[in-house]
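Going left to right, the sequence shown walks through residues 7 to 132 as the numbering used here numbers them. Below: one structure, written as structure tokens.
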Amino acid sequence: MMNAYKNQVYAGVYRPTSGRLTTDWGPEALPLSELSNRLTENSYFCLGDGLKTYKEILSSETLAMLCPPQDDQLNHTSAKSLIQLFIQDSDQSRNPVWTELNPLYLRASEAEEKLQAGLLKPVEQL
């Protein structure tokens with residue numbers, strides 16, 4: 007669960023299955039108000055900065071379901087940790103290639119949101 011700003015989080019639920027992670031749902035950009043509706047079990051191990059960022063805003067019921075790790079470093083994503091996960095998840099018979107890593111955009115940029123809402127004005131011709 008990572009801070010997506012604007013009272014939203016990037017979240018997903020993953021489950022260890024036979025030594026690998028399987029996806030229950032996500033990743034998605036969710037408003038905080040919808041997060042508790044997506045959580046269906048009593049307890050989740052919660053990684054990322056989203057819990058720390060929105061701890062004061064989340065309901066007590068949602069907070070009771072989210073267990074943060076003891077090691078605070080696990081709450082900060084880094085390129086190094088993402089590369090390590092990619093390598094672990096890759097086919098071990100070959101070396102992973104950095105060009106196989108692609109960004110996943112879960113919501114429009116702020117400029118795209120303003121354009122869609124009609125809040126941007128065209129540039130005047132000189």
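Note that beta-carbon positions come from the ideal geometry of N, C-alpha and C, so glycine has one too.
In whole angstroms, what is the alpha-carbon distance linking L57 and L121? Spanning the two alpha carbons is a distance of roughly 30 Å.
Backbone CA spacing between N108 and L53 [nearest angstrom]: Rounded to whole angstroms, the separation of the alpha carbons of L53 and N108 is 21 Å.
Please classify L69: does DSSP put it in a helix, a strand, or coil? Shown here, L69 sits in a helix according to DSSP, grouped into three states.
With 16 other Cβ atoms within 10 Å as the buried cut-off, status of A103: Sequence inspection shows Val at residue 103; the Ala mentioned does not correspond to that position. Answer is exposed; the Cβ neighbour count stays below 16.
Given a cut-off of 8 Å, decide if L45 and T68 are closer than it, judged by their beta-carbon atoms. Yes.
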